[in-house]
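Just so you know, we're using the numbering used here here: the sequence shown kicks off at 5 and counts up by one. Cβ atoms here follow ideal geometry from the backbone N, Cα and C, with glycine treated the same way. Here is the structure we will look at.
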Amino acid sequence: MRLWPQTLLWRTVLLIAALLVVAHLTWLQIFRASEIEPRALQAAQQVVSVVNLTRAALVTAEPARRFALLNELAEREGIQVYSGDPAEASPPLPERQFLRIMERRLRQDLGPQTRLALEREGIKGVWVSFRIDSEEFWVLLPRSRIERNEPLRWIGWGALVLVLALIGAFLVVARINRPLRELTRAAEQLGRGATPPRIAETGPVEIRTLAHAFNNMAADIQRQDEERALLLAGVSHDLRTPLARIRLALEMLDDRGASDLKAGVTQDIGDIDTAIGQFLDFARPIDAETVTTDTDLNALVQAVVERYTRHGRTVRFTPAPLPQLPLRVQAMQRLLTNLIDNALHHGGDVVDISTGVDGKMTYLEVLDRGPGIPEADAERMLQPFTRMDSARSTSGTGLGLAIVDRIARLHRGMVKLLPRQGGGLCARVELPSAPQAE
Ligand SMILES: Nc1ncnc2c1ncn2[C@@H]1O[C@H](COP(=O)(O)OP(=O)(O)O)[C@@H](O)[C@H]1O
Ligand SMILES: [Mg+2]
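Take a look at the structure:
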């Protein structure tokens, strides 16, 4: 698993989170450092007054009342007094700045022999020694007297602030990100050849400018598409009509020994007509047709195959069970006729077609026993106007496979020109089986 997220949103949120945590910890440190001295001095002050009071009580009380006095101190204030021995070694004091400051202050106020400990005779608490004449006493105070009441509370508040700041950061970044996401989606659509709807030109200036530029670009592309379609429709009409008239005139001409010539001209006219058809198909805005959900690809293939067999061509079809697919029916028919025409034209007299499912995709294969296409040229042949040298002497435009490739990609699929087992070409179209939203 990759921990560094891929989206702008989460990267920014993570970065802000890191910054906040660092800032927070820094502040905590600064706060602790600046607060430690006043807190130690305040604690020392408290201890000093307790010790002074205790000592005064001990000194002034009659010896008979001392015991009762000590008991009362213990009960009311949680303060206990033990007698000690000046010769005994000082219990160790943990090396902490807070305690050092406190000890220093205690010695200033109570005399240089004052000792401070956190544990003595196995009892934990704040131990402070004092002297009356040469006798030593220890006062034991509960530790809560010198400790910060709830250190954890600070961490809790800190965490709360952090979480709030993070939620804020997430909302801010998500807000900035939304138009970007919309733009990305539109750019993807445009990249596939579809026309995205105009995106909203709102938000901060940079985003607005970007959206505006993108909308302009998309509109330009669409306008060019439309103009191109218009131009080609015009060309088609203006070329095909006279062609049809010439063909008709030829039929009506009697032969007078020029039947070869007539057949040749008829053939040429047919080729020109086919070429015009190819140019039109290639220039057609490809997403013009709407998607028909739940199309039966097998039935579609079967219908096209029957058209060929009616004209006496040998096209055999082996269907396999397929899921229903969202397809553009006319485009798919065009894809199939281009592949079958190629197989008959460049390949051989017998064409095999099969369909099937392979993992998550549906495939359609058009196979022939011709010369095939060398692997090194396969990718290139999908480009418009490219043809193998061997095909130069025959009619054709070099647009057929480019049209096939475009239609396949429009359906989120792809075309592969593979060598067929035992010789020939296997033109394979792979389409995703799972229906995907456009
Ligand atoms: N089934 C096939 N067998 C052998 N070569 C093929 C086959 N299909 C296409 N080709 C080669 O790919 C080239 C490009 O095909 P295409 O784009 O349909 O153009 P066209 O058929 O107009 O020449 C063809 O000129 C031919 O050289
Ligand atoms: Mg072709």
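The criterion of a C-beta distance shorter than 9 Å is satisfied by Pro323 and Val305. Cβ neighbours of Val319 within its own chain (closer than 7 Å, five residues either side excluded): Val309, Tyr312, Thr313, Ile344, Val355, Ile357. Listed as beta-bridge partners of Arg320 by DSSP are Asp356.
Using a cutoff of 8 Å, the CB of Leu429 counts as near ligand 1, since one of the ligand's heavy atoms is closer than that. Lys420 is bridged by DSSP to Arg432.
Around the C-beta of Leu144, 16 or more other C-beta atoms lie within 10 Å, and the residue is accordingly described as buried. In the displayed model, Asp137 falls within coil according to three-state DSSP, outside both helix and strand.
Around the beta-carbon of Ala262, fewer than 16 other beta-carbon atoms lie within 10 Å, marking it exposed. CA-CA distance, Ala279 to Leu339, rounds to 16 Å. By the neighbour-count criterion, in which 16 or more other beta carbons inside 10 Å mark a residue as buried, Phe134 falls on the buried side. In this structure, DSSP gives Gln33 a helical state, which the three-state scheme calls helix. If you compare the alpha carbons of Gly88, Ser87, Leu62, Asp89 with that of Glu76, the shortest gap goes to Leu62. Within the segment 380–421, the complete alpha helix (DSSP H) segments at least 4 residues long are 404–414, listed from N- to C-terminus.
In this chain, the beta strand (DSSP E) harbouring Glu369 covers 365–371.
For Pro330, the enclosing beta strand (DSSP E) begins and ends at 329–331. The set of residues with CB atoms less than 6 Å from any heavy atom of ligand 2 reads, in chain order, Asn342, Asp345, Asn346, Gly400, Gly404. By the Cβ test, the segment 220–240 is in contact with the segment 283–297, since at least three Cβ pairs between them sit closer than 8 Å.
Rounded to the nearest angstrom, the Cβ distance from His350 to Ala380 is 17 Å, too far for a contact under 8 Å. Remark: C-beta atoms of Leu368 and Leu435 approach each other more closely than 9 Å. Relative to the non-hydrogen atoms of ligand 1, the Cβ of Gln282 comes within a distance shorter than 8 Å of at least one.
By the criterion of at least three beta-carbon pairs nearer than 8 Å, the segment 33–47 is not in contact with the segment 166–175.
A residue is called buried when at least 16 other Cβ atoms come within 10 angstroms of its Cβ; Leu429 meets this threshold and is buried.
Within the segment 120–197, the runs of alpha helix (DSSP H) that reach at least 4 residues and sit entirely inside it are, in chain order, 155–195. Measuring C-alpha to C-alpha distances from Asp372 to each of Lys364, Ala412, Gly427, Ser148 identifies Gly427 as the nearest. For Ser87, the enclosing beta strand (DSSP E) stretches over residues 84–88. Your pair Ala121 and Pro95 checks out as a contact, with CB atoms roughly 4 Å apart and the cut at 8 Å. Within the chosen limit of 8 Å, ligand 1 reaches the beta carbon of Pro375 through at least one heavy atom.
Around the beta carbon of Met221, a 10 Å sphere encloses fewer than 16 other beta carbons of the protein chains shown; the residue is thus reported as exposed.
Its chain contains Gly162 as the residues whose beta carbon lies nearer than 7 Å to that of Leu32, once the 5 sequence neighbours on both sides are disregarded; these appear in chain order.
Ile377 is classed as buried because its beta carbon has at least 16 other beta carbons within 10 Å across all chains shown.
In this structure, Thr58 lies away from Val17, with their beta-carbon atoms at least 9 Å apart.
Annotated three-state conformation of Val17 is helix, per DSSP. DSSP places Val305 in the helix class (H, G or I) of the three-state scheme. Here the distance from the Cβ of Ala22 to the nearest heavy atom of ligand 1 is not below 8 Å. Judged by DSSP secondary structure, Asp298 falls within the beta strand (DSSP E) whose first and last residues are 296–299. Taking 8 Å as the cut-off, one finds no heavy atom of ligand 1 near enough to the beta carbon of Thr199.
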